[in-house]
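Chemist: Residue numbers (the working numbering): 1352 to 1604.
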Amino acid sequence: MASTALIIGATGGFGSEMALALRNHGWQVRAMHRKPKSAARQLADMPFIDWVKGDAMHAADVKAAAVNADLIVHAVNPPGYRNWAGTLVPMLDNTIAAAKAEGARVLFPGTVYNFGPEAFPLLAETSPQNPKTHKGRLRVEMERRLRAASGEGVPVLILRAGDFFGSRFAGNNWFAQGLVKPGKPVRAVTYPGPHKIGHAWAYLPDMAETAARLLGRADELGTFEVFHFGGHWLEHGIEMADAIRAAARQPDA
């Protein structure tokens, strides 16, 4: 019998790519959404998803959606990246509680926000986490809670990566919100960061496939596992904008 995965945040970049990757690896895929009919229309080319109604901020909804799940993919973010402090940790707590009730593993997409300048230039899974930003501190707290949950019997897999790109769905990410206008021909490319500072990127289909393969080796995983996804490191951040212009054949964009 196929294992069942519940995806929270399936209409986002990572969540949608995980749905595809897990399906390709033989999983049954369930997804929770506040408006499941609308979500099903948005992902109409994924008819294999079993949509259920629920809000990630409501513990009872998450627990009900997770019944008989073997895995919970926690891919949800605040809409528009707003109100991180008021939503990120409560939503994760609800996922942890549901996973504990069902004996499910939690898959969490981590970020490099966790790290401060002293951790560079080469980040390891065990590098010190002393972030300088509010978002980074929230991410550290989320991982702390996941580690604590693993000590209470909840298996946890964290896959950290750079900024996302490459999903068929725009989602809340730096690429779609900062560099180009999603769903439209490339007419202009705006790079919002310092041009000569390096930047880490993660191609989402590859990241999702990596996560699915790790899950396929569950018997080899410990209760708490953290891996870094290699992705793409650009010595100068502006190289991403240059690559977009070249791919779009718009050198002056």
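Just so you know, even glycine gets a beta-carbon here, dropped at the ideal spot from N, CA and C.
Does DSSP classify residue 1485 as helix, strand or coil?
Modeler: The count along the sequence shown starts at 1 and reaches residue 1485 at position 134. Three-state DSSP puts residue 1485 in a helix.
Chemist: Given a threshold of 16 other Cβ atoms within 10 Å of its Cβ, counted over all protein chains shown, does residue 1553 qualify as buried or as exposed?
Modeler: Looking up residue 1553 in the sequence shown gives position 202. Classification of residue 1553: buried, given that the 10 Å Cβ count is 16 or more.
Chemist: Give the C-beta separation of residue 1449 and residue 1424 to the nearest angstrom, bearing in mind that I take them to be a contact with Cβ-Cβ under 8 Å.
Modeler: By 1-based counting over the sequence shown, the position of residue 1449 is 98. By 1-based counting over the sequence shown, the position of residue 1424 is 73. Residue 1449 to residue 1424, Cβ: 12 Å. No contact.
Chemist: Among 1583, 1454, 1577, which has the Cα closest to the Cα of residue 1618?
Modeler: Only positions 1352 to 1604 of the chain appear in the structure, and residue 1618 is not among them; the question remains open.
Chemist: Enumerate in chain order the residues of its own chain whose CB-to-CB distance from residue 1536 is below 8 Å, with the five nearest sequence positions on each side excluded.
Modeler: Counting from 1 along the sequence shown, the entry for residue 1536 is found at position 185. Closer than 8 Å at Cβ, skipping near neighbours: 1599.
Chemist: Can you tell me whether residue 1479 is buried or exposed? The criterion is at least 16 other CB atoms within 10 Å of its CB, across all chains shown.
Modeler: In the sequence shown, residue 1479 corresponds to position 128, counting from 1. Per the 10 Å Cβ criterion, exposed.
Chemist: Please name the residue in 1387, 1468, 1452, 1385 whose C-alpha comes closest to that of residue 1484.
Modeler: Mapped onto the sequence shown, residue 1484 falls at position 133. Measuring from the Cα of residue 1484, the nearest candidate turns out to be 1468.
Chemist: Spell out a yes or no on whether the stretch 1353-1364 and the stretch 1375-1388 are touching, meaning 3 or more CB-CB pairs, one atom from each, closer than 8 Å.
Modeler: With a cut-off of 8 Å, the stretch 1375-1388 and the stretch 1353-1364 count as touching, because enough Cβ pairs lie within range.
Chemist: Would you list the one or two residues that DSSP bridges to residue 1464?
Modeler: In the sequence shown, residue 1464 corresponds to position 113, counting from 1. DSSP lists no partner for residue 1464.
Chemist: Can you give me the start and stop residues for the alpha helix (DSSP H) that residue 1451 sits inside?
Modeler: What you label residue 1451 is simply residue 100 of the sequence shown in a count that begins at 1. From DSSP, the alpha helix (DSSP H) with residue 1451 extends over 1435-1453.
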